[in-house]
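Residue numbers (our numbering), protein chains in the order written: chain A, 1 to 293; chain B, 1001 to 1304; chain C, 2001 to 2480; chain D, 3001 to 3542.
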Ligand SMILES: Nc1ncnc2c1ncn2[C@@H]1O[C@H](COP(=O)(O)OP(=O)(O)OP(=O)(O)O)[C@@H](O)[C@H]1O
Ligand SMILES: Nc1ncnc2c1ncn2[C@@H]1O[C@H](COP(=O)(O)OP(=O)(O)OP(=O)(O)O)[C@@H](O)[C@H]1O
Ligand SMILES: [Mg+2]
Ligand SMILES: [Mg+2]
């Protein structure tokens, strides 16, 4: 897929285009936000607590209101983008890559290895994520990177199982046999034939997971095992803001909205990518085997 | 078949043991409950005595040995905080969670299959767009937020539903509603995705050429083929629910296993924690066996 | 919740309901003085010891006390309350097989010998002098002799105005009025206890009429002055300063830490308007409280000045100091530490915030402290409902105290003397000790005597008090 | 027009049909203004170039075009005088399966993999209102009629458990279930052995005489067309180039393309076998099981350098199974396969690489043997990435273009994806792929049965040339006896997993010893309507 092509395709899909722009803004914020707005976001002003949204009298930074310490909600959202996106992206990518790889191996192996992997998945699924979070946080400390580890591990099973299920089907197809006849190794088959066919499915799951992980991080914060202040993430903001829902809805609403928009954008983009990555679907074609993929 | 079940059961048992070992040792990395149990002004000696009495000062392998021996006698230890057998507490809480999880999953599966299939029938159509947007949004709403807002709207402002607690039919609505959103959103997306693939498959043409009505094409021919990935994701969701719908249980005051487990985790009440995990793990393992069974029922190519 | 039945919503389910755990606030709110009664009671307003199951007491010698017991009192199972029953109750309370909190908390290191002098008279001998025994007896709950000796009871039987009717684990606890109660017949006929973790939900339950009393409402949920009552909950919040570690070993730095805090700014915002700026760890009314101490004023200039002086003398005042907070400590505790950190930063200190999980927090609370730790400010909260400062001051400030970072001969001496003294002398010595801590040593940054909020349904007449944190006497609840 | 029909009411009328495909390279007109009709009780065969729009036309009748990218630009399709294109969907659906039924070209993907075949056959009846039990009985009966052995057991088996030919028969059974007025059959017999093919054709014919059904059959096999058709239509590049009664078209073709189609090319196929061919493969005592099913029994034969070994035989007799064992895709239960004297089971390292390079394959099913996500160039060059010593990277493109031309495709097709090709075109890509490594042996499993005569001839010519020039050997599995007879040096005849006869082609075909072989030869249709009609008569008498 050529880049210009991809861009042209992106331009054509208006929704995906908007989603891409939104994500670019978020990513830019994640990169420069803390440097630009770090000061504003941490400036505590007990005399300007819980200012409501949409009031420009106090300056632009209070447009979305202020929190219980009088900090600008807007600035905090912008600063929180880094940790939020970093954690979500990091854990989704980690679980996607590791889980996908393990799942493919499990699907391709016909011996005991596949079985061992599947049973290990049972174990991971039964291991409560909260306990895992606590252990990691207790042993390794409350670093955002550790949150990534926790979330990535808890999300592994879906990828392993999905990848494995797909591989079980794909490996029976004749083109895999054709490659084996030519002397392709298992590795070659996995990379050239399996991954391209499994990836779109995994990517769709990853896009959905993007939201899932942001929420899981938020739920961890709610239970006191997530990102700890003074670090800030959108999830943490929602968790902190819930105590004020009655008096200051905006505290949890705006970061919640940011999570939701990011999730929607990620999903739109993933659907678009599925089209763009699939040559047969790209032309708007859904022929027999293309769709089968 | 019975050979398969035996082998599968054996493997699961080994995995279960591995899980218990893992939980036992990892959870003890987080300290012990002495300080949490003893009042703050207890003296060092009192703390020491408490720890020794409950075996926290023994080397880990000794503690583990005792644990194993007791398990063999079906003794899962006593909760330090509750002063009663841990398994009793776990078994008391589990049915509540199981009921919540079952109802939620049944609803989520049913609704997502319906919505997802309809959306997939005309990808990019109005229904698809609206449904996708709604389900993705719902899948990305924090549940605790939704729960509290739900209470404020439906119970306090409108007065239609009880705020929380258990008892009548009405008590179920809010918790189930809140629990439902995420699995529903996720599953609908997955159903939609795999239905789009399945509906483009050649055998769908065959079905249409037979004169099968739209409904039959979608729900009989395409659906079954697309259920594999749906079941995988549904299994994951169900496991998460069984492992404790912690947030919903917390907010609505449901005495489920999630609540119990988080309390045990926070209190380092290891016996309860291990009992809870044992109970949920058995459930999850059984569910996974069921899922595998469903796989092979759904797709004959996986059989054998 | 209608008529004379009330529903009470707690923030947590009690783990147990055994009488010997009644000093835990979750347990106490349910059973203390409702199901099982104590021998004496503390008047929350004055701190005076009042009779309950014991009607009179006198000290025979420093180690011996004599009690008169109330007559015509019956346990819910019909057995009479008498000296024998009390003896059994004491034996059970001090049973090492059980980890009863009352024993650990109030009778640690004590042996108590109860001898029955008559049907309603007993003598209590202790191995060391206990000048505050009548105060301690306010913690001793008396379960029926039929209570299992070596096991916790999940169906407590006592002498109180309510019988323990049922406990559906996780769901609710129901108490029913006991018609053969020795005292006045209470207005409430039955009480159902439920629990919800979220303050918003608890508040909503009273608002929607599902519950009548909701405890521990967060400040921001206490929006309705007609139903939401604040009460001093005996908790006091402070930052423990890690005195031995550079740069906190310099008194100017410690003073600066105190001057840098804008207590008035915190009050009415993150903390309720009703909190009292604290000067010491015990609340007014506690024996030993020193009313003459003055809170440090908010004076950032002075703080900076002090720091500058210290810096000039080579004290590394810019060294990173860790402010240790704790998750879900008390309502808004997260915000509080963030605000404190901001204030210190404004004063020019380099303070880093570290949130801990409760077990971690305890690790730092108790000795032994890590050798090469970073200097820390440790957010601590303490409640002393016993009415006497001794329970606080030894553990927190004595050089041998389990949570103390101080090592001051003069202070140790004051505390040791106070602990064996009685009467006026005892009070004075404790007051001197608090003065030394607050003014000479500057061992902590005392913040506030905290308040809790209780939301009470308009149909009830109930005003929470200082005691409400650990008990809820249903007999005092009236129906309008 | 056919004179023998009493009342020739048109069942299907196609008028000026134009069908477009939106492709990345622009609009592609697959069907260009064709018109024809099928009368009741008439059989019409469409023959023609692969990729000429035959399947597209057939799909259009049943409203199964992929839209987008496909689009019926203009024209009309009428069934019994009613326009299908403007008919409400419900009404049309009622017609499908009952009024018009279709047998698809590719039986594997067109059968639902997750339902038992019996269920799928019975479904047609149930959709059109037959009670379940009755439908099931009817399905069983149909399975018997299309020649599935042991139908009671096979009723609840799944598509993947059947051989290619068996699947094809299931498809046919399904289409015939409701005794439709019009049966559209897209290459219904390509995957069948000639005896079964003869039975199926007889069955179709009988159905026609019983129910007055009309038949629109798409086929490559001129013999089949000659056998069954009343009229033939010849298509090329989306255009109907010739049509008329079968005799006249076969006897005196007008259009040059038709003439080319009907030319006998037996001479071109002939080429001399290397006499001194060293032994490449020695297969002996091969036994293969699928679970309890004994699919291959004691099979043994040899392949020498430059030799063409044809395998013919019953559908489901284990031909593909033997092929996949030679290709090391399946382990035999017992027996051995020696490559240059070494057992391939124990090859490793360089030897194994050498074997993988020397033995290549073209599979039966062109639909699943190409990765849908790779364009043709990547499909072809994959082999070179695996064996970098074969060709330096800068020569890849040139060689790929060369191969494409060899198999009769355009160099510009290299950028396309498999989904954009017709069945025959895909098979040619698969053949090109098999040649990328300059192999010694190519195992061709029905490699050309999906190809039209001209392309087939072109490919066979190519294969013969390669053998002449490079000494390539082939294991050639086919149902088309005529082709095998002309092409192979030696033949094996398989039935129920066993080799019933093997020997030099001329011997086996000239003087068959085994009864089954004789039946096989007798059932093979010839591309001459008169002659074929006669043969059929004698066959029926026998
Ligand atoms: N979905 C599609 N997208 C693009 N082109 C298509 C599509 N389907 C078919 N075509 C093109 O339409 C032409 C006709 O295809 P069709 O399948 O009708 O061929 P055919 O005559 O049946 O050939 P064969 O005998 O090989 O099956 C081919 O050139 C093919 O490339
Ligand atoms: N996966 C399988 N499981 C069980 N039986 C199978 C399987 N694959 C093939 N068979 C059976 O093995 C036998 C041989 O199959 P094979 O595919 O080799 O036949 P074939 O000779 O190639 O037939 P055709 O000419 O129809 O392609 C058939 O009876 C078939 O039903
Ligand atoms: Mg075709
Ligand atoms: Mg075959």
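The C-beta atom is built at its ideal place from N, Cα and C for all residues, glycine as well. What you are looking at is a predicted structure, and each value in this text was computed from that prediction instead of being measured.
Within the region 72-93 of chain A, contact with chain C at the beta-carbon level (separation under 9 Å) is assigned to no residue.
Two segments are said to touch when three or more pairs of C-beta atoms, one from each, lie closer than 8 Å; by this definition the region 111-118 of chain A does not touch the region 257-266 of chain A.
Fully enclosed beta strand (DSSP E) runs of no fewer than 3 residues are not present anywhere in the region 3362-3394 of chain D. For residue 3363 (chain D), none of the residues of chain B pass the 9 Å Cβ criterion, the least Cβ distance being about 17 Å. Burial state of residue 2473 (chain C) is buried, judged by a 10 Å Cβ sphere holding 16 or more other Cβ atoms.
Listed along the chain, the chain A residues whose CB falls inside 9 Å of the CB of residue 2270 (chain C) are 46, 49, 68 and 69. Apart from sequence neighbours up to five positions away, the residues of its chain that approach residue 3369 (chain D) with a beta-carbon distance below 6 Å are 3363 and 3430, ordered along the chain. Distances taken from the Cβ of residue 3054 (chain D) to the heavy atoms of ligand 3 include one shorter than 7 Å. In terms of Cα proximity to residue 3087 (chain D), the closest of D:3063, D:3074, D:3070 and D:3097 is D:3063. Between residue 3249 (chain D) and residue 3230 (chain D), the beta carbon gap of about 11 Å keeps them out of contact (Cβ cut-off 8 Å). Annotation for residue 2014 (chain C): 2026, 2027 and 2030 place their beta carbon closer than 7 Å to its own, counting only its chain and skipping 5 residues before and after. In the displayed model, residue 2144 (chain C) falls within coil according to three-state DSSP, outside both helix and strand. If one requires a minimum length of 4 residues, the alpha helix (DSSP H) runs lying completely within the region 148-182 of chain A are 174-181, in chain order.
Taking a 10 Å sphere around the C-beta of residue 2410 (chain C), we find fewer than 16 other C-beta atoms and assign the residue as exposed. At the C-beta level, residue 2035 (chain C) and residue 2175 (chain C) come within 8 Å of one another.
When the five nearest sequence neighbours on each side are left out, the beta carbons in the same chain lying within less than 8 Å of the beta carbon of residue 3327 (chain D) are those of 3359, 3361 and 3443, in order along the chain. Of the heavy atoms belonging to ligand 3, at least one sits nearer than 7 Å to the Cβ of residue 3422 (chain D). The closest heavy atom of ligand 1 lies 7 Å or more from the beta carbon of residue 3026 (chain D).
Of the residues assessed, residue 54 (chain A) falls on the exposed side of the cut-off, its CB having fewer than 16 other CB atoms within 10 angstroms.
Distance between residue 1191 (chain B) and residue 1249 (chain B), taken at the CA atoms: about 28 Å. The DSSP-derived three-state label of residue 3065 (chain D) is coil.
Note on residue 2158 (chain C): 16 or more other CB atoms within 10 angstroms of its CB, so buried under the neighbour-count rule. One Cα belongs to residue 1257 (chain B), the other to residue 1277 (chain B), and the distance between them is close to 9 Å. Within chain B, no C-beta atom comes nearer than 9 Å to that of residue 3033 (chain D); the closest sits roughly 25 Å away. Three or more Cβ pairs closer than 8 Å define a contact, and the region 2005-2020 of chain C meets that threshold against the region 2189-2204 of chain C. DSSP places residue 3074 (chain D) within a strand segment (E or B) once states are collapsed to three. For secondary structure counted as the alpha helix (DSSP H) over 4 or more consecutive residues, the region 2077-2139 of chain C holds these complete runs in sequence order: 2083-2093, 2101-2106 and 2133-2136. With contacts defined by Cβ atoms closer than 8 Å, residue 3187 (chain D) and residue 3452 (chain D) do not form a contacting pair. With contacts defined by Cβ atoms closer than 8 Å, residue 3103 (chain D) and residue 3175 (chain D) form a contacting pair.
Between residue 2121 (chain C) and residue 2086 (chain C) a beta carbon distance of about 10 Å is seen, past the 8 Å cut, so the two are scored as non-contacting.
Interface flag for residue 3360 (chain D) against chain A is set, since a Cβ pair is found closer than 8 Å. For the region 2175-2200 of chain C, the continuous beta strand (DSSP E) assignments of 3+ residues that do not extend past its boundaries occur at 2190-2195, in sequence order. Contact check for residue 3497 (chain D) and residue 3315 (chain D): beta-carbon distance about 12 Å, past the 8 Å limit, so the pair fails to qualify. Remark: the shortest separation between the CB of residue 3105 (chain D) and any heavy atom of ligand 3 falls under 7 Å.
For the region 3370-3389 of chain D, residues whose beta-carbon sits nearer than 9 Å to a beta-carbon of chain A comprise 3370, 3371, 3372, 3373, 3374, 3375, 3378, 3379, 3382, 3383, 3385, 3386 and 3387.
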